[in-house]
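If you want it as structure tokens, here you go:
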């Protein structure tokens, strides 16, 4: 996939505008990314490809101050904790 694919993911599903003590873990980032991919009807890339794509955008998947946002965040949270419904 092109960098544009990961640019869209970052723009639509991640935010640095919220206060957070810890950012998202690599597993959370990939889970959010797969939710975003499903919503956008695209085939998700591998975790390694996402990691490389994020690094190319200057985001460290292991140490960041990012939070989830948008429809993909809701989908990921509900899929991760169905008891919240």
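In the numbering used here, the protein residues as written are 24 to 108. Built from N, CA and C at the ideal position, the CB exists for glycine as well. Bear in mind the structure is a predicted one, so any value in this text is a computation, not a measurement.
Under DSSP, residue 37 takes part in a beta bridge, and its partners are 91.
As the crow flies, the alpha-carbon of residue 104 is around 26 Å from that of residue 82. Pairwise C-beta distances place the segment 90–99 in contact with the segment 36–55, as three or more of them are shorter than 8 Å. Shown here for residue 84: same chain residues with a beta carbon closer than 6 Å to its own, the five before and five after excluded, namely 49, 52, 74 and 77 in chain order. According to the DSSP assignment, residue 78 belongs to the alpha helix (DSSP H) that extends over 70–79. In chain order, 89 place their CB closer than 6 Å to the CB of residue 37, counting only its own chain and leaving out the 5 sequence neighbours on each side. When only Cα atoms are considered, residue 80 and residue 30 end up about 8 Å apart.
One Cα belongs to residue 70, the other to residue 55, and the distance between them is close to 11 Å.
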